[in-house]
Amino acid sequence: MRTVFRFHGGIHPSENKQQSLQTPIEFAGIPPELVIPLSQHVGAPASSVVAIGERVLKGQMIAESTGYISLPLHAPTSGTITAIEDRTIPHPSGYKAPCLIIATDGEDEWQTTRCEPNYQDLTPAELVQLLRDAGVAGMGGAGFPTAVKLSINPDVHIETLVINGTECEPYITADDALMRERGAQIIEGARILSYIINPARTLIGVEDNKPEGIASLRYAARDTGIDIVAVPTRYPSGGEKQLIEILTNKQVPSGGLPADIGVMCQNLGTTVAIHDAVIKGRPLISRITTVTGRSLDQPQNFEVLLGTPLRFLLSRAGYQGSTNNKLIIGGPMMGFTVPNADVPVVKTCNCLLAPTENELPSPPPAKACIRCGQCAEVCPASLLPQQLFWFAQGNEHEKLERHNLFDCIECGSCSWVCPSHIPLVQYYRAAKADIVLHRENHLKSEHARGRFEFRQARIAREVHEKQTRREARRQAALAHNNDSGSITSPSTDPVQAAIARAKARKAGQQKPRSEPESS
Amino acid sequence: MLELISHYPLAAALLALVGMGAVFGALLGYADVRFRTEGDPIADQINNLLPQTQCGQCGYPGCRPYAEAIAGGEAINKCPPGGESTIADLADLLDVEALPLDQEHGEEKVKAVAYIREPECIGCTKCIQACPVDAILGAAKQMHTVIVSECTGCDLCVDPCPVDCIDMIPQAQGLHSWRWPLPDPVSSVAAIIATDSNRGQAA
Ligand code: SF4
Ligand code: SF4
Ligand code: SF4
Ligand code: SF4
Chain V
188 MRTVFRFHGG IHPSENKQQS LQTPIEFAGI PPELVIPLSQ HVGAPASSVV AIGERVLKGQ
248 MIAESTGYIS LPLHAPTSGT ITAIEDRTIP HPSGYKAPCL IIATDGEDEW QTTRCEPNYQ
308 DLTPAELVQL LRDAGVAGMG GAGFPTAVKL SINPDVHIET LVINGTECEP YITADDALMR
368 ERGAQIIEGA RILSYIINPA RTLIGVEDNK PEGIASLRYA ARDTGIDIVA VPTRYPSGGE
428 KQLIEILTNK QVPSGGLPAD IGVMCQNLGT TVAIHDAVIK GRPLISRITT VTGRSLDQPQ
488 NFEVLLGTPL RFLLSRAGYQ GSTNNKLIIG GPMMGFTVPN ADVPVVKTCN CLLAPTENEL
548 PSPPPAKACI RCGQCAEVCP ASLLPQQLFW FAQGNEHEKL ERHNLFDCIE CGSCSWVCPS
608 HIPLVQYYRA AKADIVLHRE NHLKSEHARG RFEFRQARIA REVHEKQTRR EARRQAALAH
668 NNDSGSITSP STDPVQAAIA RAKARKAGQQ KPRSEPESS
Chain R
7 MLELISHYPL AAALLALVGM GAVFGALLGY ADVRFRTEGD PIADQINNLL PQTQCGQCGY
67 PGCRPYAEAI AGGEAINKCP PGGESTIADL ADLLDVEALP LDQEHGEEKV KAVAYIREPE
127 CIGCTKCIQA CPVDAILGAA KQMHTVIVSE CTGCDLCVDP CPVDCIDMIP QAQGLHSWRW
187 PLPDPVSSVA AIIATDSNRG QAA
């Protein structure tokens, strides 16, 4: 039994996980229309490669990546592209963004795709490229392209590969369901990962409130050397840095990356996506999403085609719209509300929560901070949330940074315990955004200053060059006049010389090229 | 030596003081020459904080002159493109009170970029000469265009254009420019949802 360590702070919100675990994962079905946002995660949005009216097959690439941190998109089922237009996307802003709209034909006809069951025949670099082409992104947090995460500097040796199966946030059971039902695929995916980065050991961290999942994984991982570690249930043990500390007792330095201490962390859902991409040749076109909350008659886990509108999913789960007060994508701690049910599921949507007002009441109005210090006790990043709150209100960027605002993982533990109901995390998010904007503006103004100064220097140089050229020509003309034995040498008479210079300057302004003749 | 000092204490003390003065004076003089800083360091620091739009709305012919003026005691609230955040930075640096933006010099606006209606451009190159950051591309009698990524939105190219074909277009607000807002202190309908109803019910 591997020893586990503890991280600072943490809370025990009620789990609410059993509701969605009563039935196995079910395929949600093919909705009549799929809405595929071109931007599904951090990085540059993909760019469409299909035309309106074109028929697409399941698995066909419909949008290509447009940069290093960018991924292609694939058709989740066969159908016809009916539009490329702005639709509301699942994003905290509630904004609209360009989406590909597919009218499905129900035939679910596959395009032949490339699969590599004998992946050991490929080099790690080829496998990373395969994952990039398959559009595999982190299925947990921000959806960072997996290929980018795997392309580490060759000098950095990854000692420990950590698969994050903690799923610490209340309500969400998508990874739990995967562990129970697809243990073998998870382990195979983890082995592909460890083939790519070649770590000394591979650990899968799972919170101990998922005994079935742990048992299933242990069974699947027998004789592979992969260690399944049960970690105590405490929110937010699933934070990347927190899990690493639990498993290795090492802290990722402030502002650093896990790779700095020889660790790489991958989400458990991502391992299944990797398995599907490599072994089955199936690009990332669907995911497991927990659909839960008391406004639903049958909360459960669905296998959902990317682009499925939430409305369709809700109806599959027996949605009672009248009792619902808000729709949340993600969990109750870190999720965000969406404006309507037409928003589609994207790569990062692990949970759709439809609670009743009673279940997740709107928070009461915030009161003044009473300096009780509870927030500092629970902060998993060992920050001083009440100080940060103070500085965020006063817009004191420097102090915020000095108090390590950027180490805040936005877990919401501080808001959760705050007896004054202060929406602390929102202040931190806003403050972070403000600081980032400030930095960007500063870079831009530095750039503008560079260009301005360059222009000034260039103008000065041009003026100087013009003068020297004029001077040289004048000298040449004088020499010429002298050689040809001119009557009066202008250089002997300072007044004459000045007049000649003025004349030359005038002529030079009008017609610089013809200056020699006129002098 | 000691005897001399004890005999003429006043003269000795005077001599010692004058001597020390001379030595330190020489040291300071040397340091002044040896460690002289180029330019005006405070003006440089101030210039670093100004937005470098070079628009002249502050009443000075560019950011650098305004920076020098501030270093000389000018008010810090005259730069509309920088707005509140630049004023706050300046106040921080100079340890003075942050004043609200002086409305006389203009308001803080959404950043805009210049756009040349290309069919109307007669290729006079006047805008190129006006642009402080070389953000306009073109040549005599050729159609001109603005390099959007370099344009600081200073407006300076608009007036010189004889056919009025330059528009300042406010930059579109979209996903890339969205930021988390501060919570509304009155309504407190926060986006973060704590599982309050079952608070304290240990898992
Ligand atoms: S949201 Fe940030 S400050 Fe609050 S407890 Fe979590 S890490 Fe700490
Ligand atoms: S928990 Fe709330 S009231 Fe207590 S110190 Fe932190 S911010 Fe203030
Ligand atoms: S108003 Fe601001 S941006 Fe414009 S020239 Fe003056 S200091 Fe520079
Ligand atoms: S293009 Fe016009 S608005 Fe933009 S920086 Fe140049 S002069 Fe200013």
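Chain order of the listed sequences is V and R.
If you count by the numbering used here, then the first sequence holds residues 188 to 706, one letter each, in order.
If you count by the numbering used here, then the second sequence holds residues 7 to 209, one letter each, in order.
Heads up, the beta-carbon is just placed ideally off N, CA and C, and yes, glycines get one too.
Just so you know, these numbers come straight off a predicted model, no measurement behind them.
Asked                                                                                                                                                                                          : Found
Report the option in R:133, R:189, R:118 and R:117 whose CA atom is closest to the CA atom of residue 124 of chain R.                                                                          : R:133
Examine ligand 3 and report whether any of its heavy atoms sits within less than 6 Å of the Cβ of residue 496 of chain V.                                                                      : no
When you compare only the Cα positions, how much space is there between residue 669 of chain V and residue 661 of chain V?                                                                     : 12 Å
Please decide whether residue 620 of chain V counts as near chain R, where near means a Cβ-Cβ distance under 7 Å.                                                                              : yes
If you draw a straight line from the C-alpha of residue 514 of chain V to the C-alpha of residue 147 of chain R, how long is it?                                                               : 58 Å
Is it right to say residue 257 of chain V is buried, meaning 16 or more other beta carbons lie within 10 angstroms of its own, or is it exposed?                                               : buried
Assign residue 436 of chain V to buried or exposed, taking buried as 16 or more other Cβ atoms, counted over all protein chains shown, within 10 Å of its Cβ.                                  : exposed
Any C-beta of chain V sitting closer than 7 Å to the C-beta of residue 15 of chain R?                                                                                                          : no
Can you pull the chain R residues whose beta carbon is under 8 Å from the beta carbon of residue 617 of chain V, in chain order?                                                               : 185, 186, 187, 188 and 189
Between residue 143 of chain R and ligand 4, is there a pair consisting of the residue's CB and a ligand heavy atom that are separated by less than 6 Å?                                       : no
Between residue 86 of chain R and residue 113 of chain R, how many whole angstroms is the CB-CB distance? I'm expecting something under 8 Å.                                                   : 6 Å
With a CB to CB cut of under 6 Å and the five nearest residues on each side skipped, what residues in its chain are close to residue 522 of chain V?                                           : 515 and 516
Chain V partners of residue 60 of chain R, CB-CB under 7 Å?                                                                                                                                    : 639
Is there at least one non-hydrogen atom of ligand 3 closer than 6 Å to the beta-carbon of residue 130 of chain V?                                                                              : This structure cannot speak to residue 130 of chain V, because chain V is shown only from 188 to 706.
Taking Cβ to Cβ, would you say residue 638 of chain V is nearer than 7 Å to residue 139 of chain R?                                                                                            : yes
With 7 Å as the threshold, decide whether the Cβ of residue 131 of chain R is near any Cβ in chain V.                                                                                          : no
Along the region 245–257 of chain V, what residues have a CB closer than 7 Å to any CB found in chain A?                                                                                       : In the structure shown, chain A does not exist; the protein chains are V and R.
With a 10 Å radius around its C-beta and 16 neighbouring C-beta atoms as the bar for buried, classify residue 213 of chain V as buried or exposed.                                             : exposed
I'd like to confirm the pairing. Which residues does DSSP put opposite residue 143 of chain V in its beta bridges?                                                                             : As displayed, chain V neither begins before 188 nor continues past 706, which places residue 143 of chain V out of reach and without an answer.
Give me, in chain order, the residues of the same chain whose beta-carbon lies closer than 8 Å to that of residue 590 of chain V; leave out the 5 immediate sequence neighbours on both sides. : 570, 571, 574, 575 and 578
Which residues, in chain order, does the region 215–236 of chain V contribute to contact with chain R at a C-beta distance below 9 Å?                                                          : 226 and 232
Have a look at residue 492 of chain V and residue 468 of chain V and give me their C-alpha separation to the nearest angstrom.                                                                 : 16 Å
What does residue 154 of chain R reach in chain V if we use C-beta pairs closer than 7 Å?                                                                                                      : Within 7 Å Cβ-Cβ: nothing; residue 154 of chain R doesn't reach chain V, min ~12 Å.
Rounded to whole angstroms, what is the Cα-Cα separation between residue 454 of chain V and residue 329 of chain V?                                                                            : 11 Å
Does any residue of chain V have a CB that is nearer than 7 Å to the CB of residue 57 of chain R?                                                                                              : yes
So what's residue 448 of chain V in DSSP terms, helix, strand or just coil?                                                                                                                    : helix
For residue 159 of chain R, is the beta carbon positioned less than 6 Å from some heavy atom of ligand 4?                                                                                      : yes
Could you please tell me which residues of the region 116–141 of chain R, in chain order, have their CB closer than 7 Å to any CB of chain V?                                                  : 138, 139 and 140
Just to confirm, is the Cβ distance from residue 567 of chain V to residue 325 of chain V under 7 Å?                                                                                           : no
Name the chain V residues whose beta carbon is nearer than 8 Å to that of residue 180 of chain R?                                                                                              : 282 and 284
Flag residue 635 of chain V as yes if its beta-carbon sits less than 7 Å from any beta-carbon of chain R, otherwise no.                                                                        : yes
So, at 6 Å on beta carbons, what are the nonlocal neighbours of residue 199 of chain V in its own chain, with the 5 sequence-adjacent residues on each side left out?                          : none
Pull out every residue of the region 582–595 of chain V whose Cβ sits closer than 7 Å to any Cβ of chain R, in chain order.                                                                    : 582
Would you identify the three-state DSSP class for residue 56 of chain R, choosing helix, strand or coil?                                                                                       : coil
Is the number of C-beta pairs between the region 269–288 of chain V and the region 475–485 of chain V that are closer than 8 Å three or more?                                                  : no
Sort out for me which residues DSSP pairs residue 121 of chain R with in a bridge.                                                                                                             : R:173
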